[in-house]
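Let me begin by presenting the structure, written as structure tokens, before commenting on it.
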Amino acid sequence: MALFCCLKTATRRNTRRHATSTNSTPNPAGAASSSALSQPSQASQSVPTPIPQASAEPTSTTIPASSKHLQSSGIQERLWATSFEELEKTKPELVKAFRRVIYTKVNQPNLTPNGPLKHGEEDSRDPTPEELERWIKDGLLRNERAASVQKGIGVVVQVVGPAKHIMNLVVQAVPQATIPWAGICLGLEILSNPSNESSTNSDGIVYVSSRLQWYWELGSLLLDESKSEQASEKLRSELEKNIIQVYVALLTYQLRSICRYYRHWVRAILRDVVKYDGWAEQLESIKTAERAVQKDIDQYNGVEVRSKLRQLADEAMTVRTGLQNIHSTLQDQAQRQEQRAKDDKDEKCLEAIFATNPRSDKMRIEETKGTLLNDCYSWVLQNDEFQRFQAEQQNQLLWIKGDPGKGKTMLLCGIINELETQPTSLRSALLSYFFCQATVETLNNANFVLRGLIWDLCRQNHSLIKYVRHEYDGTSQALFSQDNAWVTLRRIMTAMLDDPVLQGATMIIDALDECNVDREQLLDFIVSTSTVKWIVSSRNWPDIEQKFKTTKHMNKLHLEMNQGVVDKAVNSYITFKVNQLAKSKDYQEETRNAVESHLTAHARGTFLWVALVCQELARVGRVLAKKIVKEFPTDLNGLYGRMIKQMKDSPYAKVCLKILTLVSAVYRPITLVELHVLLSPVKDFEDIGLDDWREIIASCGSFLTVREDIVYFVHQSAKDFLMDKSTSSISRSSIANQHSEVFGKSMDVLCGTLKRDIYGLKKPGALVDQVSKDALGPLAAIQYSCVFWVDHLEASQVNTHVEASPDKAPVDINALLRFFKTKYLYWLEALSWMHKILEGVKAMEKLERIAVSLML
Numbered sequence: 004m005a006l007f008c009c010l011k012t013a014t015r016r017n018t019r020r021h022a023t024s025t026n027s028t029p030n031p032a033g034a035a036s037s038s039a040l041s042q043p044s045q046a047s048q049s050v051p052t053p054i055p056q057a058s059a060e061p062t063s064t065t066i067p068a069s070s071k072h073l074q075s076s077g078i079q080e081r082l083w084a085t086s087f088e089e090l091e092k093t094k095p096e097l098v099k100a101f102r103r104v105i106y107t108k109v110n111q112p113n114l115t116p117n118g119p120l121k122h123g124e125e126d127s128r129d130p131t132p133e134e135l136e137r138w139i140k141d142g143l144l145r146n147e148r149a150a151s152v153q154k155g156i157g158v159v160v161q162v163v164g165p166a167k168h169i170m171n172l173v174v175q176a177v178p179q180a181t182i183p184w185a186g187i188c189l190g191l192e193i194l195s196n197p198s199n200e201s202s203t204n205s206d207g208i209v210y211v212s213s214r215l216q217w218y219w220e221l222g223s224l225l226l227d228e229s230k231s232e233q234a235s236e237k238l239r240s241e242l243e244k245n246i247i248q249v250y251v252a253l254l255t256y257q258l259r260s261i262c263r264y265y266r267h268w269v270r271a272i273l274r275d276v277v278k279y280d281g282w283a284e285q286l287e288s289i290k291t292a293e294r295a296v297q298k299d300i301d302q303y304n305g306v307e308v309r310s311k312l313r314q315l316a317d318e319a320m321t322v323r324t325g326l327q328n329i330h331s332t333l334q335d336q337a338q339r340q341e342q343r344a345k346d347d348k349d350e351k352c353l354e355a356i357f358a359t360n361p362r363s364d365k366m367r368i369e370e371t372k373g374t375l376l377n378d379c380y381s382w383v384l385q386n387d388e389f390q391r392f393q394a395e396q397q398n399q400l401l402w403i404k405g406d407p408g409k410g411k412t413m414l415l416c417g418i419i420n421e422l423e424t425q426p427t428s429l430r431s432a433l434l435s436y437f438f439c440q441a442t443v444e445t446l447n448n449a450n451f452v453l454r455g456l457i458w459d460l461c462r463q464n465h466s467l468i469k470y471v472r473h474e475y476d477g478t479s480q481a482l483f484s485q486d487n488a489w490v491t492l493r494r495i496m497t498a499m500l501d502d503p504v505l506q507g508a509t510m511i512i513d514a515l516d517e518c519n520v521d522r523e524q525l526l527d528f529i530v531s532t533s534t535v536k537w538i539v540s541s542r543n544w545p546d547i548e549q550k551f552k553t554t555k556h557m558n559k560l561h562l563e564m565n566q567g568v569v570d571k572a573v574n575s576y577i578t579f580k581v582n583q584l585a586k587s588k589d590y591q592e593e594t595r596n597a598v599e600s601h602l603t604a605h606a607r608g609t610f611l612w613v614a615l616v617c618q619e620l621a622r623v624g625r626v627l628a629k630k631i632v633k634e635f636p637t638d639l640n641g642l643y644g645r646m647i648k649q650m651k652d653s654p655y656a657k658v659c660l661k662i663l664t665l666v667s668a669v670y671r672p673i674t675l676v677e678l679h680v681l682l683s684p685v686k687d688f689e690d691i692g693l694d695d696w697r698e699i700i701a702s703c704g705s706f707l708t709v710r711e712d713i714v715y716f717v718h719q720s721a722k723d724f725l726m727d728k729s730t731s732s733i734s735r736s737s738i739a740n741q742h743s744e745v746f747g748k749s750m751d752v753l754c755g756t757l758k759r760d761i762y763g764l765k766k767p768g769a770l771v772d773q774v775s776k777d778a779l780g781p782l783a784a785i786q787y788s789c790v791f792w793v794d795h796l797e798a799s800q801v802n803t804h805v806e807a808s809p810d811k812a813p814v815d816i817n818a819l820l821r822f823f824k825t826k827y828l829y830w831l832e833a834l835s836w837m838h839k840i841l842e843g844v845k846a847m848e849k850l851e852r853i854a855v856s857l858m859l
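Take the sequence shown: its letter number 674 is residue 677 in this note's numbering, and every next letter is one higher.
This is the structure in structure tokens:
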């Protein structure tokens with residue numbers, strides 16, 4: 004209610020400023036002077052009515068209705084003025100702070116509670132009654148609209164209706180009485196913003212606001228001579244004191260609530276406003292004062308008065324229920340909005356740290372490599388090293404190592420499946436994993452390993468995102484890609500692993516040897532963390548062995564030392580693959596058995612060798628199967644050499660060699676569309692389409708595979724073979740030439756494709772999110788060139804010093820200058836659409852170094 008006090012005080016100030024003379028009328032004890040209550044006016048001036056002396060015998064006086072109304076208003080005005088004067092004497096700073104709030108709300112109605120005040124606000128004048136009345140009506144209308152949206156028009160009538168009704172009565176009787184309703188509007192405003200205040204304070208505001216009409220009618224019902232019936236002077240005097248105490252108590256509560264809510268505006272005046280929390284005690288003081296009044300009321304014999312007060316009390320309870328419902332609904336809505344805002348920020352944060360979805364990578368690997376057979380990995384679950392690792396809490400690291408093609412990746416896929424399907428009571432709290440792949444940019448870097456693990460953990464338990472938000476808030480997506488990214492990611496991961504929710508969790512990293520960038524830092528991080536368990540796989544590389552030797556509690560599972568169980572697993576895989584061949588190629592039983600027998604005898608525990616041989620057998624008829632299977636070398640390098648020889652004998656030999664050289668040189672797997680752009684036109688194959696590329700890639704031995712229109716090496720060992728000078732016809736000079744060719748081709752396609760507003764949006768300043776990342780459109784074919792053209796320029800220069808090639812073309816300086824003069828801005832636009840601006844910045848840094856070396 005914030006209440007009728009302000010009106011009297013503001014009116015008092017106006018009177019002092021504008022009145023030229025004041026006639027004083029004696030008042031009964033406790034009443035304020037009339038000059039402090041009303042503003043002189045020729046038309047109407049409200050003068051406090053003295054309380055008549057009560058006689059022993061009741062008297063009856065007939066008063067006209069209009070006079071009764073004015074007399075009633077005078078009583079109410081006097082009571083509130085006296086109450087406010089009492090409050091102003093005892094709590095001057097509180098009243099001063101309240102004045103500032105009222106003035107600010109009138110003059111800056113749209114200012115938020117935390118908004119900046121205008122200069123000089125502390126010396127402001129009191130608003131005029133006309134200004135207040137206009138503001139109050141607008142405020143009630145705003146609250147009515149807000150409430151109607153939340154709870155329906157019925158509740159609005161119950162809650163806002165009484166307030167408007169009282170205001171109309173007050174304004175009609177005493178035109179100056181507009182300031183009290185400033186408090187009402189402010190109280191309703193606090194209720195409409197519940198998220199900022201304590202529930203105890205809000206409950207008190209609901210209670211006080213629901214009894215507005217009871218408070219207003221109290222004085223006129225009980226102290227008006229025409230309604231006082233047989234009440235004695237002593238009883239009426241005691242009742243008046245108690246009513247004033249009620250008003251003082253509720254004024255204190257409302258003013259303190261309002262100043263607490265607008266603490267940003269009044270902090271300098273009321274310094275303890277932020278610390279105050281005695282809302283329950285202060286509300287109880289109001290109720291105590293009300294009980295004293297009620298005790299006096301019980302001495303009244305008038306049926307009319309009691310009935311009216313009971314009616315007002317019932318109406319107050321109805322209003323209170325309505326206010327509580329609205330407040331509860333608004334509070335729920337505020338919490339939902341706050342949660343939605345938090346969720347939006349969380350999603351932005353996860354989007355920033357996202358690089359790859361490890362679970363999608365696992366699905367891709369399983370589908371590419373074929374069906375995951377239980378017999379191929381179940382043996383590891385019974386292995387002593389694995390069981391000790393799981394059973395003993397101090398054992399924090401399990402290292403599974405073996406030669407290429409031994410099935411390490413599929414072994415880890417099987418372990419993951421088993422751990423994820425364990426009953427909740429038996430498995431670790433959380434399981435996260437990452438699959439490294441040397442040929443994929445987002446899978447061969449220590450930063451991306453941690454980003455993948457962090458992203459996956461946050462998706463599983465959303466509470467963990469607070470550790471990412473702690474570093475990310477106030478920065479940008481570049482935080483996870485800049486030079487200090489590893490330090491930031493390590494700090495985030497360390498904090499997450501210390502969270503109790505990750506106690507006993509398991510982290511799995513496959514193919515650690517394929518983490519080409521900052522592998523040593525990743526190894527240091529793994530061996531330094533002891534709060535979770537780690538399962539890692541890799542080849543038998545000395546640098547990894549050396550790092551893991553420093554750990555006290557490590558279990559090592561060497562596949563070559565478990566040859567017997569590995570052979571059994573490979574034999575199960577052979578049976579499965581041969582059965583597939585027999586069905587698809589219609590093998591006779593004799594052929595099927597002969598193929599299975601040969602594979603079993605020569606597999607040497609290598610899953611990859613079996614898979615490649617079966618892939619080659621799928622290309623020949625059943626008649627030749629028994630003969631062809633015996634021609635395959637029994638080791639991987641020998642098998643790759645045979646595939647190269649067959650490729651050279653095919654009509655696609657030259658173009659296949661170009662494809663293998665290109666795929667060996669690029670920095671990430673490229674799409675068929677990108678491959679087509681970078682290789683076309685091919686001599687003698689000018690009209691090649693996308694489907695034709697699939698057929699040609701199938702002729703590249705079994706080195707490559709195409710999945711979802713992306714070209715991959717079938718295995719890292721295949722790329723290693725091609726890059727090995729001693730075993731392959733793809734020399735380092737060929738790779739250097741390829742880098743130069745990719746750079747030159749990139750310049751051509753970028754200059755031929757890039758243009759202003761490439762998507763034709765015709766909306767300068769359009770946000771990049773308006774175009775889906777998956778809908779690249781005109782940029783799809785040149786995406787690789789946009790991002791990596793500088794890398795290929797740099798590599799072509801570096802490799803020149805290692806091994807010169809006589810037919811290597813020099814850098815086309817003119818093409819480079821033409822690009823910067825005509826396409827540079829369009830290139831930046833394209834990078835922004837692809838969310839690759841940071842890569843563009845790094846490219847320019849590289850180009851600057853290249854320019855210095857070339858003395859451009």
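Cβ atoms here follow ideal geometry from the backbone N, Cα and C, with glycine treated the same way. Quick caveat, the model's predicted, so the values are computed rather than measured.
Here the segment 575-582 makes no contact with the segment 415-424; the two share fewer than three CB pairs at distances below 8 Å. Under a 10 Å Cβ-count criterion, residue 538 is classified as buried, with 16 or more other Cβ atoms of the shown protein chains found around its own Cβ. Distances from the alpha-carbon of residue 677 to those of 713, 391, 726 put 713 closest.
For the pair residue 369 and residue 416, the CB atoms are nearer than the 8 Å cut-off.
According to the DSSP assignment, residue 716 belongs to no alpha helix (DSSP H) but to the beta strand (DSSP E) extending over 713-716. Taking the C-beta atoms as reference points, residue 668 is found no nearer than 8 Å to residue 793.
The count of Cβ pairs closer than 8 Å, one atom from the segment 385-396 and one from the segment 465-472, stays below three, leaving the stretches out of contact. When C-beta atoms of the segment 647-664 are compared with those of the segment 699-714, three or more pairs fall below 8 Å, so the two segments count as touching. Of the candidates 257, 208, 78, 257 places its Cα closest to the Cα of residue 100. Within the model, the alpha-carbon separation for residue 254 versus residue 348 is close to 41 Å.
Of 782, 702, 618, the smallest CA-CA separation from residue 653 is found for 702.
For residue 557, the enclosing beta strand (DSSP E) starts and ends at 557-561. Within its own chain, the residues whose Cβ lies closer than 6 Å to the Cβ of residue 569, once the five positions on either side in sequence are excluded, are 562, 608, listed in chain order.
When rounded, the separation of the alpha-carbon atoms in residue 85 and residue 473 is 54 Å. Following the DSSP letters along the chain, one finds residue 98 inside the alpha helix (DSSP H) bounded by residues 95-110.
The alpha-carbon separation between residue 658 and residue 815 amounts to approximately 25 Å. Beta-bridge annotation (DSSP): residue 638 is not paired with any residue. Residue range 282-300 is occupied by the alpha helix (DSSP H) that includes residue 291, with no beta strand (DSSP E) assigned at that position. From the listed residues 656, 769, 317, 835, the smallest Cα separation to residue 789 is found for 835. Judged by DSSP in its simplified three-state form, residue 511 adopts strand.
With respect to the 8 Å criterion, residue 356 and residue 454 are classified as neighbours on the basis of their beta carbons. Within the same chain, Cβ atoms closer than 6 Å to the Cβ of residue 437 are found at 361, 452, 455, 456, 512, the five residues on either side in sequence being excluded. Burial state of residue 380 is buried, judged by a 10 Å Cβ sphere holding 16 or more other Cβ atoms. Counting other Cβ atoms within 10 Å of its Cβ, residue 787 reaches 16 or more and is therefore classed as buried. Residue 710 sits in a strand when the DSSP states are folded into three classes. When the Cα atoms are used, residue 559 and residue 445 turn out to be separated by approximately 28 Å.
Here residue 320 is exposed, its C-beta having fewer than 16 other C-beta atoms within 10 Å. With contacts defined as CB atoms closer than 8 Å, residue 516 and residue 489 fail to qualify as a contacting pair. Judged by their CB atoms, residue 693 and residue 675 are nearer to each other than the 8 Å cut-off. Note on geometry: alpha-carbon atoms of residue 754 and residue 822 lie some 6 Å from one another. With a 10 Å radius around the Cβ and a threshold of 16 neighbouring Cβ atoms, residue 846 comes out buried. For residue 612, the three-state secondary structure derived from DSSP is helix. C-alpha of residue 616 to C-alpha of residue 546: approximately 32 Å in a straight line. In the DSSP assignment, residue 674 forms a beta bridge with 713.
Here the alpha carbons of residue 632 and residue 589 stand approximately 16 Å from one another. Counting the other Cβ atoms within 10 Å of the Cβ of residue 594 gives 16 or more, which makes it buried.
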